[in-house]
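The next block holds one structure in the form of structure tokens; read it before the comments.
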Amino acid sequence: MKNAVQTFPIFDVLTLRRDFPILHQQVHGNLLAFLDTAASSQRPMQVIECLRDYYSRCHANVHRGVYKLSEEATLAYERSRGKVAHLIGAASPREVIFTRNATEAINLVAYAWGSANVREGDRILLTMMEHHSNIVPWQMLAQRVGAHLDYVRFDGEGRLVLEDLDHLLTERTKMVAVVHQSNALGTVNPVPEIARRAHEVGALMLVDGAQSVPHMPVNVQELGCDFLAASGHKMCGPTGIGFLWGQRHILDAMPPFLGGGSMIKVVETDTSTYADVPVRFEAGTPAIAEAIALGTAIDYLNGVGLEKIHHYEHELTAYALDRLGQVGGVTIHGPHTVEARGGTLIFTMEGIHPHDIASILDGEGIAVRAGHHCTQLLHRVLGVPATTRASFYLYNIPEEVDRLVAGLEKVKKLLE
Amino acid sequence: MKNAVQTFPIFDVLTLRRDFPILHQQVHGNLLAFLDTAASSQRPMQVIECLRDYYSRCHANVHRGVYKLSEEATLAYERSRGKVAHLIGAASPREVIFTRNATEAINLVAYAWGSANVREGDRILLTMMEHHSNIVPWQMLAQRVGAHLDYVRFDGEGRLVLEDLDHLLTERTKMVAVVHQSNALGTVNPVPEIARRAHEVGALMLVDGAQSVPHMPVNVQELGCDFLAASGHKMCGPTGIGFLWGQRHILDAMPPFLGGGSMIKVVETDTSTYADVPVRFEAGTPAIAEAIALGTAIDYLNGVGLEKIHHYEHELTAYALDRLGQVGGVTIHGPHTVEARGGTLIFTMEGIHPHDIASILDGEGIAVRAGHHCTQLLHRVLGVPATTRASFYLYNIPEEVDRLVAGLEKVKKLLE
Amino acid sequence: MDDFYREYILEHYKYPRNRGTLEHPTISHEETNFLCGDTVRLDILVENEVIQDIRFSGQGCAISMASASMLTEEIKGRSVEEAKAFSKEELLDLIGIPLDKNPMRLKCALLSLKTLKAGLYGVGAMQDEEL
Amino acid sequence: MDDFYREYILEHYKYPRNRGTLEHPTISHEETNFLCGDTVRLDILVENEVIQDIRFSGQGCAISMASASMLTEEIKGRSVEEAKAFSKEELLDLIGIPLDKNPMRLKCALLSLKTLKAGLYGVGAMQDEEL
Ligand SMILES: Cc1ncc(COP(=O)(O)O)c(C=O)c1O
Ligand SMILES: Cc1ncc(COP(=O)(O)O)c(C=O)c1O
Numbered sequence: 080m081k082n083a084v085q086t087f088p089i090f091d092v093l094t095l096r097r098d099f100p101i102l103h104q105q106v107h108g109n110l111l112a113f114l115d116t117a118a119s120s121q122r123p124m125q126v127i128e129c130l131r132d133y134y135s136r137c138h139a140n141v142h143r144g145v146y147k148l149s150e151e152a153t154l155a156y157e158r159s160r161g162k163v164a165h166l167i168g169a170a171s172p173r174e175v176i177f178t179r180n181a182t183e184a185i186n187l188v189a190y191a192w193g194s195a196n197v198r199e200g201d202r203i204l205l206t207m208m209e210h211h212s213n214i215v216p217w218q219m220l221a222q223r224v225g226a227h228l229d230y231v232r233f234d235g236e237g238r239l240v241l242e243d244l245d246h247l248l249t250e251r252t253k254m255v256a257v258v259h260q261s262n263a264l265g266t267v268n269p270v271p272e273i274a275r276r277a278h279e280v281g282a283l284m285l286v287d288g289a290q291s292v293p294h295m296p297v298n299v300q301e302l303g304c305d306f307l308a309a310s311g312h313k314m315c316g317p318t319g320i321g322f323l324w325g326q327r328h329i330l331d332a333m334p335p336f337l338g339g340g341s342m343i344k345v346v347e348t349d350t351s352t353y354a355d356v357p358v359r360f361e362a363g364t365p366a367i368a369e370a371i372a373l374g375t376a377i378d379y380l381n382g383v384g385l386e387k388i389h390h391y392e393h394e395l396t397a398y399a400l401d402r403l404g405q406v407g408g409v410t411i412h413g414p415h416t417v418e419a420r421g422g423t424l425i426f427t428m429e430g431i432h433p434h435d436i437a438s439i440l441d442g443e444g445i446a447v448r449a450g451h452h453c454t455q456l457l458h459r460v461l462g463v464p465a466t467t468r469a470s471f472y473l474y475n476i477p478e479e480v481d482r483l484v485a486g487l488e489k490v491k492k493l494l495e
Numbered sequence: 080m081k082n083a084v085q086t087f088p089i090f091d092v093l094t095l096r097r098d099f100p101i102l103h104q105q106v107h108g109n110l111l112a113f114l115d116t117a118a119s120s121q122r123p124m125q126v127i128e129c130l131r132d133y134y135s136r137c138h139a140n141v142h143r144g145v146y147k148l149s150e151e152a153t154l155a156y157e158r159s160r161g162k163v164a165h166l167i168g169a170a171s172p173r174e175v176i177f178t179r180n181a182t183e184a185i186n187l188v189a190y191a192w193g194s195a196n197v198r199e200g201d202r203i204l205l206t207m208m209e210h211h212s213n214i215v216p217w218q219m220l221a222q223r224v225g226a227h228l229d230y231v232r233f234d235g236e237g238r239l240v241l242e243d244l245d246h247l248l249t250e251r252t253k254m255v256a257v258v259h260q261s262n263a264l265g266t267v268n269p270v271p272e273i274a275r276r277a278h279e280v281g282a283l284m285l286v287d288g289a290q291s292v293p294h295m296p297v298n299v300q301e302l303g304c305d306f307l308a309a310s311g312h313k314m315c316g317p318t319g320i321g322f323l324w325g326q327r328h329i330l331d332a333m334p335p336f337l338g339g340g341s342m343i344k345v346v347e348t349d350t351s352t353y354a355d356v357p358v359r360f361e362a363g364t365p366a367i368a369e370a371i372a373l374g375t376a377i378d379y380l381n382g383v384g385l386e387k388i389h390h391y392e393h394e395l396t397a398y399a400l401d402r403l404g405q406v407g408g409v410t411i412h413g414p415h416t417v418e419a420r421g422g423t424l425i426f427t428m429e430g431i432h433p434h435d436i437a438s439i440l441d442g443e444g445i446a447v448r449a450g451h452h453c454t455q456l457l458h459r460v461l462g463v464p465a466t467t468r469a470s471f472y473l474y475n476i477p478e479e480v481d482r483l484v485a486g487l488e489k490v491k492k493l494l495e
Numbered sequence: 162m163d164d165f166y167r168e169y170i171l172e173h174y175k176y177p178r179n180r181g182t183l184e185h186p187t188i189s190h191e192e193t194n195f196l197c198g199d200t201v202r203l204d205i206l207v208e209n210e211v212i213q214d215i216r217f218s219g220q221g222c223a224i225s226m227a228s229a230s231m232l233t234e235e236i237k238g239r240s241v242e243e244a245k246a247f248s249k250e251e252l253l254d255l256i257g258i259p260l261d262k263n264p265m266r267l268k269c270a271l272l273s274l275k276t277l278k279a280g281l282y283g284v285g286a287m288q289d290e291e292l
Numbered sequence: 162m163d164d165f166y167r168e169y170i171l172e173h174y175k176y177p178r179n180r181g182t183l184e185h186p187t188i189s190h191e192e193t194n195f196l197c198g199d200t201v202r203l204d205i206l207v208e209n210e211v212i213q214d215i216r217f218s219g220q221g222c223a224i225s226m227a228s229a230s231m232l233t234e235e236i237k238g239r240s241v242e243e244a245k246a247f248s249k250e251e252l253l254d255l256i257g258i259p260l261d262k263n264p265m266r267l268k269c270a271l272l273s274l275k276t277l278k279a280g281l282y283g284v285g286a287m288q289d290e291e292l
């Protein structure tokens, strides 16, 4: 399938793959075909080396040290905050808070902003395609304060039913929290339009960017949202780091979330005065090395170009939709065209359990995910308890799609 | 000063130092003398290599993948949980929850356990030597529910005034949260006795082990506590990882803290059923690589032997107390003998600001910390806004103490 | 892993033993593997402390279904006492594949045993390590 | 860093200019660097939109005290307008040490300027980047 590779000459994927050491190993005797980036991406050598270099040359705790190592660590940490800000078009690095992952970022908003702003009887609007990380924090908030959740539905093509906004958005709606790109269906939702509608009724808009920030140019000004959450490990960065972006004036007005070192100005026995943003929301020793390496990951993605990555994934997804659609018994859930969709697709096979599919594909060296992908509501709508998911990134190649298709034929032969 | 090294033949520190690449660099033309481990320790090659190896060979998201990489990542992650459990004498790995750091671990208890168990009028007992991370979360809890904080004082030698327990411990006391080893004074507190007294009135006992777990054998059964918090970055592990240990039956009864992926069994639109411990408290993608590398750090510490490390630091601290005590104008705050104290000491110099001390020492390649070390209450008791802190670990040598003393003489010459 | 899908497993998956329900079971218990939504229900007929009949229903992957088929086959006719003592090692032996290195698939394989034990002991749920 | 402690700085630290307070200041403002607890208070006497007199008090490290000494010396006799426009770059020039690479020490050096500006503008607090 060397030919297929040449059909998407957006960048030289074979050269780029060399940056990812993990991709060159054999799994059960076959070259690894890693098709589970939606769960977590792989990392280029540049990021791995950054961690090594940091720990070997300049680690120290940040913010309070006056000696050279601590100085350097602090500067690198803050530089990385600037890279995140620049990546998403934030007005200032001060609007970027480092968290462990997208999940913690959303919980931060639900706890700190939520507890101060959501009251009994208020409503929070989600969609039926949300990841559990953008559902459960709001459920917990709703239970704490006596608020209610509403859900926008999606249609048979995996598109949000925007008419639902007409009756679900009310004066009582305080927050609209929507996934930018679905980690299951692959749908890219019309965030600017939803944000505009949310603001019309005075609600804020949080965007779950866990699956969009790694894969396309994302600009918070263009999205028109108030919060954006994402995870480093899905965008070539290390585990243990993610971020929350928020509008400065909203963050400024928010009470803290976690209490502890760094986030205070003055501590007295009964009460404390809190630091300014973003430090107010970064209690304790942060994930310093991870934040710095996330900066390196962003450099890497910018080096390739997010527009190009997006384009490349589109080509790959179009190819995959076409090839998989031809496998008998396979049903693809979600948009069947690449318009407003990303490189993540879920499917089911008549009478065959997703775990068996993933296990048998694993025997071929192909890594896909089976299960509900943290979207049980979505799967309940689809009427299946589980699906199989293949997801792509800048390092995947058409040949891997071909191997996936061949693997599925083997599954059928074995289990039918 | 080669002689001095040979006075503590507990292990071969010069060989061991080779494991720490960062220690062999020049800072402002002098060999780095890193005396700020209390803020964050350095890492041996073994830990740095573990991260590299993980990302190069076996990274994938944990828990839900059926393919080989995810399997291996999951096993390594859970093996690491087992190492933590073994290190602290936990009854089961299920009692160990991975967090970002000690700060998050304490906040987890203050939010999840606190909100469910602390009521208006209840009391929480702390000490005046607590780190902000063991004060602010409780203040925030107290403010949320209308509870009150009490503080055990410490005396002129930096020892807790245990008589304070007689009147401060009452039936209303629901939680006693105490630092095991002070990150400022160096005092090691009599946790077993305090835990016993806490339990007598029905309170739970949380131990802030951020400074003890890295430096001595710590066994939760012997401490008799209910919770223990610690940070990986202070114990040769990476940043971005720490842990909370809790008694199984207490954790089992606790509502969740962060909501999101992994920590649920069933998600419905309005409510969810939560997973068993420890996963209930690990929402979203965890700091996988960091948790695994923490396991490697624990292997490293066990390889040297925590008993030996503790002993070695005692020797070094005795030497430092002796040498520093002879510098004119220097006042050491905290215990002056090594009995029940660790290798962390703070001091002030007559008429000279700690920042100037730290800056001038930095010029000599000596990294110490100046400030309140996240213990403002403690410093207010001492009557100084800031102190200078030197802290030791298994890789420090007596020669570095000598350089510190020489550096302080230079400070005096320059600024007096 | 290909290894999981040996003839023996596939045979039990395609032609399961004891699949179905009982009209008047002494014990009926259902368990779900929340990681994947798989479900196994066991209907057990106990007479004189002996498992006279047993049927399984539910849905799941080849491993969990084959495991339920093999377990019911093995346990039928045994005393309740023996069935309670039936260990996860014995079941894994029966299945004959090295599942110990794959925690996810291990859960699939053990789902039927978990259902059996929780049913026999009359408890709501059971942890893997208690099997 | 040794470099910070040049003769010039040490001289201002040991023999500060304008150290003290004013009896009837037009403006009196105090700022604290919460990272280290250092405090600078400025008493300013303004007449005809000109800073006729200025004194500093408080406690801090050599850098913050020397910086306050130099700043007050520089600003005395200037118009309020000029003082408001006095930039952090100008102050760092005056101090003459490369502080831009050390965020912690930068805060020490800028504390007096922060106090001056917050005082002149009559605002409660000021961010570093607003100087
Ligand atoms: C005694 C003590 N408790 C808690 C902490 C907080 O640790 P971390 O910042 O890693 O959360 C520290 C570290 O500064 C400490 O020394
Ligand atoms: C759409 C979406 N939101 C949120 C998350 C949560 O990300 P994390 O687990 O890194 O917190 C994920 C990742 O699984 C996701 O795909």
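Chains as they are written, first to last, in my numbering: chain F, 80 to 495; chain Y, 80 to 495; chain B, 162 to 292; chain E, 162 to 292.
A virtual CB, placed ideally from N, CA and C, is assigned to each residue, including glycine.
In this structure the stretch 436–450 of chain Y does not lie against the stretch 240–258 of chain Y, because fewer than three pairs of beta carbons, one per stretch, are closer than 8 Å.
For S240(B), the beta-bridge partners assigned by DSSP are V211(B). Distances taken from the Cβ of D115(F) to the heavy atoms of ligand 2 include none shorter than 7 Å.
Assignment of R136(F) by DSSP, reduced to helix, strand and coil, places it in the helix class. Taking every protein chain shown into account, the CB of R275(F) has fewer than 16 other CB atoms within 10 angstroms, so this residue is exposed.
Runs of the alpha helix (DSSP H) spanning 4 or more residues and lying entirely within the stretch 113–193 of chain Y occur at 124–132, 147–167, 181–187, in chain order. G462(F) places its beta carbon 8 Å or farther from that of N180(Y). Taking the Cα positions, L380(Y) is about 52 Å away from T410(F). For G257(E), the nearest beta carbon of chain Y is not closer than 8 Å to its own beta carbon. A distance below 6 Å between beta-carbons, with the five flanking residues on each side excluded, links Q290(Y) to the following residues of its chain, in chain order: Q260, N262. One Cα belongs to R143(F), the other to L95(Y), and the distance between them is close to 28 Å.
G316(F) has its Cβ no nearer than 7 Å to any heavy atom of ligand 2. Using a CB distance below 8 Å, the part of the stretch 94–118 of chain F facing chain Y consists of P100, I101, Q104, V106, H107, L111, F113, D115, A118, ordered along the chain. For G265(F), the distance from the CB to the nearest heavy atom of ligand 2 is not below 7 Å.
A Cβ-Cβ separation of about 5 Å places A117(F) in contact with T423(F) under the 8 Å criterion.
For H190(B), the pairing in a beta bridge is given by DSSP as L203(B).
DSSP, read as helix, strand or coil, puts T352(Y) in strand.
C-alpha of E168(B) to C-alpha of A376(Y): approximately 44 Å in a straight line. Taken atom to atom, the span from the alpha-carbon of K162(F) to that of A191(F) is near 25 Å. At a beta-carbon threshold of 7 Å, the residues of chain Y lying near F165(E) are S438, ordered along the chain.
Taking 7 Å as the upper bound on Cβ-Cβ separation, chain F lies near residues C453, Q455, L456 of the stretch 452–483 of chain Y.
DSSP, reduced to helix, strand and coil, places Y398(Y) within a helical segment of the structure shown. It is roughly 10 Å from the alpha-carbon of E150(F) to the alpha-carbon of H138(F). Here the C-alpha atom of A155(F) lies approximately 44 Å from the C-alpha atom of E272(Y). Here the alpha carbon of L148(Y) sits roughly 8 Å from the alpha carbon of A446(F). For a Cβ distance threshold of 9 Å, residue set I343, K344, V345, T352, A354 of chain Y lies close to F195(B), ordered along the chain.
In its chain, beyond the 5 residues on either side, E392, L395, G422 have a beta carbon closer than 6 Å to the beta carbon of F471(Y).
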